[in-house]
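First the structure, in the form of structure tokens, and then the observations on it.
Residue numbers (full-length UniProt numbering): 1 to 348.
Below, the structure is given as structure tokens:
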């Protein structure tokens, strides 16, 4: 335990008290930013002083008691949260060189997301670059903590911008980079469960039935227009699997679903659909329509060749479905018939 008579410690507590009070005044104007700045400063103080080394494991417990006594109305001074404050400062202060490489917005962004978001990022990200990626995405998209957790667990940082596209040849550089960053590879549809012999229409229906979760997986800005959207060309009707409108990018996005391997002819059909949407649905305020094939898997060389000479902006990604049980466990489960037979025995 800490000796309460220690002059350095008591002086520090009094100094903290004054600065926390000042932070409370700021908090009336900017609640979250002031709170995060207070946690940053507190973590810095804890990290840079020797109290923890001098007093051992009892330090955080004593500090928690003292701060709670001084500020009973503040809930952020639990022992565990004080440890997170130190971790918060140490994590982002570990490599100033890397911090400078992340850009001028790094320090600003650091104080713009809620504290519980920070705790999740701290405990789940391997390095500052990865953490900064999820901080920026949280700010851009207004993610809740649940959505943030889903994006981290689905490894958004490893999938975003990985789709195979011809955007560099079909769009201006700025648009190409911007749209590429909105696409992923693979998409993770772990919110739906369908039989292993599912058809494309079943997958489509399952995605539409879970449209809110599907929109989250697609990313911010997508608005659902419809499924099996009819397009009439040359007195024939054609049906687009899924049609979206991206509000931020101001363009239609055609999505075709394929339950098997990517085939070159898929790209030609998608190119046709994108042309039809451009001619029949796009107006002068809309940017060029984008097409996307989402298939079970693909050969990257075949996919790249298939897009090379097409003049509409197209992309190709894969998807993953939720695996309900590992293969090695499935054989140990009873079949439906076995379960029914056992129930009959019980009823007799």
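Where a beta carbon is used, it is the ideal one built from N, C-alpha and C, also for glycine. Since we're looking at a predicted model, the values are computed, not measured.
Taking the continuous beta strand (DSSP E) assigned at residue 261, which residues delimit it? 251 to 261
For the stretch 144 to 154 against the stretch 286 to 293, do three or more pairs of beta-carbon atoms, one drawn from each stretch, fall closer than 8 Å, so that the two count as touching? no
Option nearest residue 48 by Cα separation, candidates 173, 78, 301 and 86: 86
Run the CB neighbour count on residue 233, radius 10 Å, all protein chains shown included, and call it buried at 16 or more, exposed below. exposed
Taking the alpha helix (DSSP H) that residue 121 belongs to, which residues open and close that run? 115 to 124
With DSSP run on the structure shown, which of helix, strand or coil describes residue 195? coil
Roughly how many angstroms lie between the CA atoms of residue 156 and residue 220, to the nearest whole one? 13 Å
Just to check my reading of the structure: residue 167 and residue 313 have Cβ atoms closer than 8 Å, yes? What is that Cβ distance to the nearest angstrom? 5 Å
Host alpha helix (DSSP H) of residue 206 (start-end): 200 to 209
Under a three-way DSSP split, which group does residue 247 fall into? coil
I'd like the list of long-range same chain contacts for residue 51, defined as Cβ closer than 7 Å, with 5 residues on each side in sequence excluded. 9 and 59
Between residue 204 and the rest of its own chain, which residues show a CB-CB distance below 7 Å, the 5 nearest in sequence each way excluded? 227, 241, 242 and 257
Would you say residue 315 lies against chain C (beta-carbon separation less than 9 Å)? Among the chains of the structure shown, chain C does not appear; only one protein chain is present.
Tell me whether residue 311 is buried or exposed, calling it buried when 16 or more other Cβ atoms sit within 10 Å of its Cβ. exposed
Residue range of the alpha helix (DSSP H) that includes residue 269: 264 to 280
Burial state of residue 319 (16 or more Cβ within 10 Å): buried
Taking all protein chains shown into account, decide if residue 131 is buried (16 or more other Cβ within 10 angstroms of its Cβ) or exposed. buried
With respect to the alpha helix (DSSP H) encompassing residue 135, which residues constitute its N-terminal and C-terminal limits? 128 to 141
Take the Cβ of residue 153 as the centre, count every other Cβ of all protein chains shown within 10 Å, and call the residue buried at 16 or more, exposed below. exposed
To the nearest angstrom, how far is the alpha carbon of residue 358 from that of residue 199? Since the first residue shown for the chain is 1 and the last is 348, residue 358 is missing from the structure and cannot be characterised.
Cβ-based burial, residue 185 [other Cβ within 10 Å; buried from 16]: buried
Of the residues 215, 20 and 260, the one placed nearest residue 77, counting alpha carbons only: 20
State the DSSP-derived secondary structure class of residue 163, mapped to helix, strand or coil. coil
According to the neighbour-count rule (16 or more other Cβ atoms, all chains shown, within 10 Å of its Cβ), is residue 182 buried or exposed? buried
Let me make sure I understand the geometry here. Which of 89, 170 and 297 has the alpha-carbon closest to that of residue 111? 89
Could you tell me whether the stretch 295 to 308 touches the stretch 250 to 265, using the rule of 3 or more Cβ pairs below 8 Å? yes
Do you know how far the Cα of residue 201 is from the Cα of residue 326? For residue 326, the predicted model reports a pLDDT of 44, less than 50, meaning its position is unreliable; a value from the coordinates is still stated below. Cα to Cα, the separation comes out at about 26 Å.
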